[in-house]
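Going by this note's numbering, the first residue of the sequence shown is number 15, and it counts up by one from there.
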Amino acid sequence: MKSKITFFCKECGAESAKWIGKCPSCGQWNTYVEEVITKTSTTKRSWGAENKGDKNIPISISEIGSEPIKRINTGSAELNRVLGGGLVRGSIILIGGQPGIGKSTLMLQVALYQKSNVLYVSGEESAEQIKLRADRIRHTNPACYILTETNVQTILQSAQKLSPTMVIIDSIQTLESPHVESTPGSITQVRECTAELQRFSKETNIPVFIIGHITKEGGIAGPKILEHIVDVVLQFEGDQHYAYRILRTIKNRFGSTDEIGIYHMEEGGLREINNPSEMLISPEDSALSGSTIAASIEGLRPLLIETQALVSPAIYGNPQRSSTGFDLRRLAMLVAVLEKRCGLPFGQNDIFLNIAGGIKVADPSIDLAIIAALISSLQNVHIPKKWCFAGEVGLSGEIRPVSRVEQRIAEASRLGFEQIFISKYKSDSVKHKKFDVKVTVLSKVDDLLTEIYR
Ligand code: TYD
Ligand code: MG
């Protein structure tokens with residue numbers, strides 16, 4: 015048995031014989047950690063005579079059959095869509111997310127919705143704890159087998175015997191491989207265990223879901239290499255204090271990475287939200303100042319989201335700026351644009367911004383709705399609930415066009431909105447089309463003020 019001390023970069027997995035302050039491969043500072051590696055067996059590599067007669071020989075690409083990929087229904091339409099149409103046999107899927115977000119719940123639900131053998135491996139919870147969770151979900155599958163084990167070899171032996179439709183590992187950070195001798199959760203262990211799981215899934219054609227914890231910085235714990243090994247990387251996100259959860263594709267070898275799935279955490283587990291726009295808009299009809307609707311797009315789906323702003327005089331010296339679900343610096347930029355281009359006095363006011371449902375929005379088309387909410391709260395004017403907005407705002411106050419504007423208009427009209435505001439630029443394509451919703455074009459933020467006071 016040979017053991018040696020090696021240093022690994024936490025970010026990219028680069029290896030070094032000594033500690034280094036700055037990783038030469040990814041350029042990050044202070045990311046090297048020490049690990050003891052013990053390899054029990056060293057495989058001899060040989061290209062010599064004994065390898066003759068090996069069945070695994072190169073084949074011509076034209077001889078490879080191209081059967082359509084067979085996919086397994088996971089029982090959840092949202093998850094199926096995020097995976098690109100279902101679970102591919104022999105694939106390996108990594109699900110990351112913060113503790114308590116609902117990763118174990120989602121996976122247990124998948125296991126319980128199947129009608130065939132499923133192996134659910136937990137290194138974190140006891141079988142009784144999992145049973146308690148299953149009781150809440152109120153769906154049962156007698157062929158769902160629970161294994162509380164952390165040794166990857168033992169797990170794979172059980173999996174081979176059971177021959178399940180899928181294996182679920184909760185979580186990769188608890189597994190250990192007897193081949194390497196560092197603590198569970200360390201980079202070497204995580205990497206080795208994932209590699210063994212991958213070999214298993216490719217050889218048996220049984221798909222494996224791996225749950226992975228997320229580090230403080232938001233990456234999946236363990237090196238980035240993990241993301242290279244697996245076929246699909248999903249991220250389960252949401253605010254712990256809100257019940258909405260978004261499942262996002264980070265990488266997908268069998269489908270698009272633009273898809274998202276939306277869930278709602280309830281007493282009986284995660285419920286799918288098929289009609290997200292209707293959920294994210296508060297139902298009361300009366301318009302309140304500071305509240306507007308943005309016609310945004312998340313993934314490939316249009317999503318109408320409510321944005322709320324509260325602008326009020328600062329009582330204690332320094333005005334506060336606070337934002338939930340939207341970039342604070344971008345908010346500062348939008349406020350500066352309103353001050354400079356429209357002469358609106360935000361200076362001595364506290365500004366609070368909130369995106370409904372605890373959702374984080376990266377789509378810049380939400381700018382226009384935020385600007386409208388800010389104006390509405392500052393000047394205490396109501397913006398009709400039947401209006402919605404889709405436009406990016408530039409530094410000189412111009413309203414910029416956004417992608418797939420027709421899709422946004424269609425969603426607004428489907429949900430019964432009366433008016434949608436978009437950019438004047440590149441709006442020719444929608445000019446001649448008929449929609450049930452009135453389309454108003456704006457070229458700069460002043461135009462928005464005119465519309466509000468019309
Ligand atoms: P869990 O799946 O344990 O999260 P993770 O595996 O990502 O750490 O989910 C934990 C939260 O979900 C917990 O706060 C309780 C809540 N929950 C419900 O609200 N309803 C349910 O039916 C279940 C099973 C959990
Ligand atoms: Mg869990």
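C-beta atoms are modelled at their ideal positions from N, C-alpha and C, and glycine is treated no differently. As the structure is a prediction and not an experimental result, all values here were calculated from the model.
Arginine 152 versus arginine 259 - alpha carbon distance:
Taking the sequence shown and counting its residues from 1, one reaches residue 152 at position 138. Taking the sequence shown and counting its residues from 1, one reaches residue 259 at position 245. In a straight line, the C-alpha of arginine 152 is about 20 Å away from that of arginine 259.
For the 8 Å Cβ check, are there 3 or more pairs between the segment 96-107 and the segment 128-136?
Of all C-beta pairs linking the segment 96-107 to the segment 128-136, fewer than three are shorter than 8 Å, placing the two stretches out of contact.
What is the C-beta distance between leucine 453 and isoleucine 436, in whole angstroms, given that I count them as a contact (C-beta under 8 Å)?
Translated into the one-based positions of the sequence shown, residue 453 becomes position 439. Translated into the one-based positions of the sequence shown, residue 436 becomes position 422. Reading the sequence as shown, one finds valine at residue 453 and not leucine. Rounded to the nearest angstrom, the Cβ distance from valine 453 to isoleucine 436 is 6 Å, consistent with a contact under 8 Å.
Where does phenylalanine 340 sit, in a helix, a strand or coil, going by DSSP?
Counted from its first residue, the sequence shown places residue 340 at position 326. In the structure shown, phenylalanine 340 sits in coil (DSSP, three-state: anything other than H, G, I, E or B).
Tell me whether glutamate 138 counts as near ligand 2, meaning its Cβ is closer than 7 Å to at least one heavy atom of that ligand.
Here residue 138 corresponds to residue number 124 of the sequence shown, with the count starting at 1. Checking the Cβ of glutamate 138 against ligand 2 gives yes.
Using the rule of at least 16 other Cβ atoms within 10 Å of the residue's Cβ for burial, across every protein chain shown, is tryptophan 401 buried or exposed?
The count along the sequence shown starts at 1 and reaches residue 401 at position 387. Buried.
Our contact map puts alanine 308 next to alanine 376 with C-beta atoms below 8 Å; I'd like the distance itself, whole angstroms only.
For the purposes of this step, residue 308 is taken as residue 294 along the sequence shown, with counting starting at 1. For the purposes of this step, residue 376 is taken as residue 362 along the sequence shown, with counting starting at 1. So it is not a contact: roughly 12 Å between Cβ atoms.
Between the C-alpha atoms of proline 178 and glutamate 286, what's the straight-line distance to the nearest angstrom?
Here the question's residue 178 lines up with position 164 in the sequence shown. Here the question's residue 286 lines up with position 272 in the sequence shown. Between proline 178 and glutamate 286, the C-alpha separation is close to 25 Å.
Among all residues, which have a Cβ less than 5 Å from at least one non-hydrogen atom of ligand 1, and in what chain order do they fall?
Pro113, Gly114, Ile115, Gly116, Lys117, Ser118, Thr119, Arg147, Arg150, Met279 and Gly283
Please confirm whether any heavy atom of ligand 2 lies closer than 7 Å to the CB of aspartate 442.
Position 428 of the sequence shown, counted from the first residue, corresponds to residue 442. Not so, every heavy atom of ligand 2 lies at least 7 Å from the Cβ.
For the structure I just gave you, are there three or more beta carbon pairs, one from the segment 267-285 and one from the segment 81-98, closer than 8 Å?
Counting Cβ pairs under 8 Å, three or more are found: they touch.
Looking at glycine 472: is its Cβ nearer than 8 Å to the Cβ of glycine 98?
Outside the displayed range of the chain (15 to 468) lies residue 472, so it cannot be described from this structure.
Can you tell which of Glu25, Lys69, Ser17 and Ile75 has the C-alpha that lies nearest to the C-alpha of glutamate 49?
Within the sequence shown, the letter at position 35 stands for residue 49. Cα-wise, what sits closest to glutamate 49 is Ser17.
For the segment 248-312, which segments carrying the alpha helix (DSSP H) assignment without a break, of at least 4 residues, lie completely within its bounds, in sequence order?
Scanning the segment 248-312 for uninterrupted alpha helix (DSSP H) segments of 4 residues or longer gives 290-294, listed from N- to C-terminal end.
I'd like to confirm something about aspartate 184: is its beta-carbon nearer than 7 Å to some heavy atom of ligand 2, or not?
On the sequence shown, residue 184 is found 170 positions in, with the first residue counted as 1. Indeed, a heavy atom of ligand 2 lies less than 7 Å from the Cβ.
Roughly how far, in whole angstroms, is the beta-carbon of isoleucine 311 from the beta-carbon of arginine 418, given that I think they are within contact range, below 8 Å?
Stepping through the sequence shown from its first residue, residue 311 is reached at position 297. Stepping through the sequence shown from its first residue, residue 418 is reached at position 404. 6 Å between Cβ atoms; contact.
Does the separation of the CB atoms of alanine 125 and isoleucine 186 fall below 8 Å?
Here residue 125 corresponds to residue number 111 of the sequence shown, with the count starting at 1. Here residue 186 corresponds to residue number 172 of the sequence shown, with the count starting at 1. Cβ distance not < 8 Å, so alanine 125 and isoleucine 186 don't count as in contact.
Three Cβ pairs or more, each shorter than 8 Å: is that satisfied between the segment 426-434 and the segment 446-464?
yes
Which residue from Ile19, Gln123 and Thr464 puts its Cα closest to that of methionine 279?
As a working mapping, residue 279 is identified with position 265 in the sequence shown. Minimum Cα distance to methionine 279 is reached at Gln123.
Using the Cα positions of lysine 470 and alanine 383, report the straight-line distance between them to the nearest angstrom.
One cannot answer for residue 470 here, as it falls past the ends of the chain, which runs 15 to 468.
Return the Cβ separation of leucine 342 and arginine 335 in integer angstroms, given the expectation that the two are a contact with Cβ distance under 8 Å.
One-based indexing of the sequence shown puts residue 342 at position 328. One-based indexing of the sequence shown puts residue 335 at position 321. Between arginine 335 and leucine 342 the Cβ distance is about 6 Å, and since that is below 8 Å, they are a contact.
Please list the segments of the beta strand (DSSP E) lying wholly inside the segment 308-393, counting only runs of 3 or more residues, in order along the chain.
315-327, 335-338 and 363-369
C-beta contact flag for valine 166 and glutamate 210 at 8 Å
Position 152 of the sequence shown, counting from 1, holds the residue named residue 166. Position 196 of the sequence shown, counting from 1, holds the residue named residue 210. The answer is yes: Cβ separation under 8 Å.
For aspartate 442, the residue or residues it bridges with in DSSP:
Counted from its first residue, the sequence shown places residue 442 at position 428. None; aspartate 442 has no bridge partner.
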